[in-house]
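Respectively, the protein sequence lines represent chains H and S. Residues 1 to 387 in this note's numbering are what the first sequence lists, from first letter to last. Residues 1001 to 1336 in this note's numbering are what the second sequence lists, from first letter to last. By construction, the Cβ of each residue, glycine as well, lies at the ideal position given by its N, Cα and C atoms. Since this is a predicted model, take the numbers as computed values, not measurements.
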Amino acid sequence: MTRSADFRAHVRQWCADNIPADWRRTQTGIGERDFVDFQRSWFATLHGAGFAVPHWPHAWGGGMSVADQAVLYQELAAHDAPRLVLAFVGIHHAAATLLAAGTEEQRRRHLPAILDGEIWCQGFSEPEAGSDLASLRTSARRLGDDYVVNGQKLWASGASYAQWCLLLARTDPDAPKRKGISYFLLDMASPGVQVRPIRNAVGDQHFCEIFLDDVVIPAANLIGEENAGWQVAQATLGAERGMTMLELAERLGCAGFRWLVQAAPTDDPVAADRLAQLEIEITGLRAMCRQLVRDVEAGTAGPADASIVKLFYSELLQRLTDFGAEIAGLDAHTALAKPPSSGWESGSWVLDFIGSWEWTIPGGSSEIQRTIIGERGLGLPREPSAP
Amino acid sequence: MRTTDLAELHGELRAVAADVLARGRVVDWSRLAGAGWAGLEVADGLGGAGATFAETALICEELGRAAAATHYLGSAVLAVGVLNTLQDSAVRNDLLSGIAAGWVRVAAVLDPGFTVSADRRLAGHAAFVPDADGADRLLVLATDHTGAEVAVATDGLTVTPQPVLDETRAVATVAADGIEVPEPLRFAEDRGAHRVRDRAALAVACDSLGLAEAMLAATVSYAQTREQFGRPIGSFQAVKHACADMQVKASVARALVREAVAALVHDDAEADAAVAMAKSYTCGAAVEVAGKAMQLHGGIGYTWESGIHVYLKRAVFNRSLFGSPAAHRQRLAQRY
Chain H
1 MTRSADFRAH VRQWCADNIP ADWRRTQTGI GERDFVDFQR SWFATLHGAG
51 FAVPHWPHAW GGGMSVADQA VLYQELAAHD APRLVLAFVG IHHAAATLLA
101 AGTEEQRRRH LPAILDGEIW CQGFSEPEAG SDLASLRTSA RRLGDDYVVN
151 GQKLWASGAS YAQWCLLLAR TDPDAPKRKG ISYFLLDMAS PGVQVRPIRN
201 AVGDQHFCEI FLDDVVIPAA NLIGEENAGW QVAQATLGAE RGMTMLELAE
251 RLGCAGFRWL VQAAPTDDPV AADRLAQLEI EITGLRAMCR QLVRDVEAGT
301 AGPADASIVK LFYSELLQRL TDFGAEIAGL DAHTALAKPP SSGWESGSWV
351 LDFIGSWEWT IPGGSSEIQR TIIGERGLGL PREPSAP
Chain S
1001 MRTTDLAELH GELRAVAADV LARGRVVDWS RLAGAGWAGL EVADGLGGAG
1051 ATFAETALIC EELGRAAAAT HYLGSAVLAV GVLNTLQDSA VRNDLLSGIA
1101 AGWVRVAAVL DPGFTVSADR RLAGHAAFVP DADGADRLLV LATDHTGAEV
1151 AVATDGLTVT PQPVLDETRA VATVAADGIE VPEPLRFAED RGAHRVRDRA
1201 ALAVACDSLG LAEAMLAATV SYAQTREQFG RPIGSFQAVK HACADMQVKA
1251 SVARALVREA VAALVHDDAE ADAAVAMAKS YTCGAAVEVA GKAMQLHGGI
1301 GYTWESGIHV YLKRAVFNRS LFGSPAAHRQ RLAQRY
C-alpha cells in the first residue's frame, strides 16, 4: 500500500470510530448552548487526532503535507463529519494573520489558546463599509500605551460566542482610505464592547453587530505597523481559500450530490439531465480546487484563482440547492430546522437554498468577485472612482 | 518522465504549435507531418514520437485556439488512435509508419453504421466523417458476422464532401454497398472501439477549450482598447463581469479536460464518465464564450472580416460533433 493510501485508510477508520453516529438527528433543533458545546467537543476530538489544524506549521501543532490534508478533508466530507463552524475564524484567519504579521509574543499568547478552544470572530464590515470595505469609519485613537476605539461592526459571524476579534479600525483619518487603517486583536471581554445578534434569512442568530464605545486596546495588540492594517488584511484574507474550498467542494460532491440523487426522480429524463449537469459542474469544481491547492503550494496560483473558485462554488451551491428545493417539492418546506454543524447542503433543501445567499453575499459578493477576476485576473481597466 | 520534464516538453510543443499556426489558418498534411504532429502517438520504432494522448490533446487545443483548417483530427488523432488500438499486424504497422512519415493520409470512420460479412463484403453509410475526402485510405469500424467490432482498411468507398457552415472543417459522407474489402483488423481488447470514440469526443473538447480561451483573450484585448463614453469599455461592469464569467467557464472547462485527458491516458475505469463530462461542459461553454465574444465586440464582431463568426461556427459544430452535450449527460445519468 502506498503511504497516501495508508493515511487514507487511517482517516477512514478514525472517521468510523469518532464521528458521532446520529449527530445530524441530535443536533437538529437544538439551542445555542448545545450547539457551542458540540462544536467545542468536536474540535477537541479532531485536535486529539491531529486533524484540527493540519495546515499550521509543525512548530505550532500542524505540519501535515498538502497531499495528506487533501485526503483528510476528502474523507471528512465523504463521512459527513460535522463542520467546524465556530473554530473557523480562529484556525484560519486569526492563525494566518498571527503567523504572517504577528509578533512572537502574540503568537505564543494566541495560537495555543486557539487549540484549547478559544473562539474568534472578524470585525471588518460596517454599516457603511460593505463591499467598499476600505471606507470603514470605526476609529482607533492612540492614547499613551493604548488605543481607544469607537464605532460599529457588522456581519461578525459567531461574535456572541467569541473571546477575541480581528478588528480593522481607522488610525489616520486624514490619510487616503487604504493607508489609514490598522489591524488589532480585540479582547471581546473589554469594557465598552456590546454584541447584538442579527437574525438572518434562515432564522439563525449566528452573525452579529458589535458596538464599540471607548473600548481600550493595549498597543501590544496591534498587528503589524500602525496604518498598515489594510495590507495585512489583504495578505491574509485569502490564506485559507485553497484547502477550505477543497473541503466544501468535496462535501458538495459527496453528501450533497448523493442526497440530491436520492431525492430526484432519476427516471424522469429532465431531472436526470439536470442532475448530470450538476455532477459535471461539481466535478469541475473539485478539480479546480485540487489544482488551486497545488498552485498555492507551488506559488504559481494566479491573482484571481481563489476568486474564480469562490464565485463558481457559491453560484453552484445556489443552483444545486435550488434544484433540491424544486424536486423535493412541498414536503421540503416542512423541514423547519437543520443541524447548525452541517454543511451548506444538509438535505433540508429549502433552508439550504435560502442559506446559499450566505455564500454569494459575504466574503466579497459575487459582484465583487467578478470585478476582481476582471481587473486582477484579466487586466481589465478599473472603474473610475467617484470624485 | 518526471512532471517537470513533461511540463517543459508540453511548453515547447505548445510554443512550436503556436509558431506553425501563426503562419496561416490552413496547414496542409505535409507540413503537419513535417512538424511531427501526424506521428506524435506513433511508436518510436515506426518512425513516430511515441507520445501519448496528453500531447495530442495539447495540439488539439492549439488548433482550436487558431481555428486551424487541418486534417489533424481525422487523419492523426482518430486514424492513429484506431490503429494503436488494433492487434499488431503488418497492415497496421505499415499504415502507422506511413502516417508518421506523411506518405499516407488515412481517415477513420467511427459511426456504428457498417457491417462486414463473413466473405468480407462491407456495407453501410456514415455522415460527417472528418477529413475523409481526399484521404488515401479509410479505416472503417464495422460489426462482423460474429457481432464483434473490427476495423477495415480500404480505399473503395464512395466519399462525398458535405459543405458545412464551419469552413475550417472538412467532412464527408462515406458509403459502401457490399464492396469487397481486405481482411478486417481486430482490436487488441474488447473495449477498443469504445475507447476510440471516447478519444474522438475528448479531442473535440480540447479543440473547444483552445477556441474558448482564444475568444476570451480576443475579447479582453478589445475591451482594453475600445473606448466609448470616454473610457475603455472593459472598465464598465457590464462588460467586465461578462468577461469574468467567460473566464470562469474556461477555467471549469480546463479542469474537466485535464481530468479527462489524465483518465484516458491512464485508462482509468472512470475515463468514460470523465470524457462525457469534459465533452458536454467544454463544448457547451465554448459556444457561450464565443457568442459572448461576438456580443462584446459589438457591430465589428458581427462582420465577416472580424473572423469571430469563424470561431462561433466552429464552436457550434464542435458541440454537435461526436455527441451533443445532452447525449453525453444521458450517458452520465445512466449511472444514477
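Tell me which same chain residues have a C-beta within less than 7 Å of the C-beta of residue i, skipping the five on either side of it?
i, result
"residue 1131 of chain S", "1071, 1073, 1074, 1075, 1107, 1170"
"residue 1315 of chain S", "1208, 1211, 1286, 1287, 1290"
"residue 261 of chain H", "275"
"residue 1065 of chain S", "1210, 1211, 1213, 1214"
"residue 1242 of chain S", "1292, 1296"
"residue 347 of chain H", "259"
Go through its chain and collect everything with a Cβ distance to residue i's Cβ below 6 Å, but skip five positions before and after it.
i, result
"residue 215 of chain H", "149, 190, 192, 193"
"residue 7 of chain H", "68, 71"
"residue 1136 of chain S", "1104, 1105"
"residue 1226 of chain S", "1233"
"residue 201 of chain H", "354"
"residue 295 of chain H", "301"
"residue 249 of chain H", "285, 286, 289"
"residue 87 of chain H", "43"
"residue 28 of chain H", "337, 339"
Quick one: give me the first and last residue of the beta strand (DSSP E) that residue i is part of.
i, result
"residue 122 of chain H", "120 to 123"
"residue 241 of chain H", "Note, residue 241 of chain H: premise wrong, no beta strand (DSSP E); alpha helix (DSSP H) at 241 to 251."
"residue 1137 of chain S", "1137 to 1144"
"residue 60 of chain H", "That residue, residue 60 of chain H, is in no beta strand (DSSP E); it is neither H nor E in DSSP."
"residue 1107 of chain S", "1106 to 1109"
"residue 147 of chain H", "146 to 157"
"residue 139 of chain H", "139 to 143"
In the DSSP assignment, what residue or residues form a beta bridge with residue i?
i, result
"residue 1158 of chain S", "S:1175"
"residue 23 of chain H", "BP columns for residue 23 of chain H are empty, so no partner."
"residue 166 of chain H", "H:122, H:185"
"residue 194 of chain H", "H:211"
"residue 1150 of chain S", "S:1142, S:1186"
"residue 1124 of chain S", "S:1114, S:1176"
"residue 1305 of chain S", "Paired residue(s): none; residue 1305 of chain S is not in a bridge."
"residue 223 of chain H", "H:183"
"residue 336 of chain H", "DSSP, once it has assigned bridges, lists no residue as partnering residue 336 of chain H."
For residue i, which residues of its own chain have a beta-carbon under 8 Å away from its beta-carbon, when the five flanking residues on both sides are left out?
i, result
"residue 1335 of chain S", "1273"
"residue 374 of chain H", "380"
"residue 100 of chain H", "232, 235, 236, 239"
"residue 279 of chain H", "257"
"residue 1021 of chain S", "1027, 1062, 1063, 1065, 1066, 1068"
"residue 1198 of chain S", "1264, 1271, 1272, 1275"
"residue 137 of chain H", "126, 128, 129, 151, 170"
Decide if residue i is buried, meaning its Cβ has at least 16 other Cβ atoms within 10 Å, or exposed.
i, result
"residue 1280 of chain S", "buried"
"residue 270 of chain H", "exposed"
"residue 33 of chain H", "exposed"
"residue 1311 of chain S", "buried"
"residue 341 of chain H", "buried"
"residue 1302 of chain S", "exposed"
"residue 3 of chain H", "exposed"
"residue 1102 of chain S", "buried"
"residue 1160 of chain S", "exposed"
"residue 1219 of chain S", "buried"
"residue 291 of chain H", "buried"
"residue 223 of chain H", "buried"
"residue 1145 of chain S", "exposed"
"residue 39 of chain H", "buried"
"residue 1328 of chain S", "buried"
From which residue to which residue does the alpha helix (DSSP H) around residue i run?
i, result
"residue 217 of chain H", "First-last for residue 217 of chain H: 207 to 218, but that is the beta strand (DSSP E), not the alpha helix (DSSP H)."
"residue 1275 of chain S", "1271 to 1296"
"residue 1261 of chain S", "1237 to 1265"
"residue 10 of chain H", "3 to 18"
"residue 1325 of chain S", "1325 to 1333"
"residue 366 of chain H", "366 to 372"
"residue 393 of chain H", "Any answer about residue 393 of chain H is impossible in this case: the structure gives chain H only from 1 up to 387."
"residue 307 of chain H", "305 to 328"
"residue 1023 of chain S", "Taken as a continuous stretch (DSSP letters only), residue 1023 of chain S belongs to no alpha helix (DSSP H), as it is neither H nor E."
"residue 1042 of chain S", "Premise fails: residue 1042 of chain S is in no alpha helix (DSSP H) and is neither H nor E."
Would you list, in chain order, the members of the stretch 1241 to 1254 of chain S that have their beta-carbon closer than 8 Å to a beta-carbon of chain H? Taken in chain order, the members of the stretch 1241 to 1254 of chain S whose beta-carbon sits within less than 8 Å of a beta-carbon on chain H are 1241, 1243, 1244, 1245, 1247, 1248, 1251, 1252, 1253.
Proximal residues, the stretch 283 to 294 of chain H versus chain S, C-beta separation under 7 Å: So the list reads 283, 284, 287, 288, 291, given in the order they occur along the chain.
Any residues in the stretch 252 to 278 of chain H with a beta carbon nearer than 7 Å to a beta carbon of chain S? Which ones, in chain order? Cβ proximity to chain S below 7 Å picks out 261, 266, 272, 273, 275, 276, 277 from the stretch 252 to 278 of chain H.
Could you list the residues in the stretch 109 to 138 of chain H with a C-beta less than 7 Å from some C-beta on chain S, going in chain order? Under the 7 Å Cβ criterion, the stretch 109 to 138 of chain H contributes no residue.
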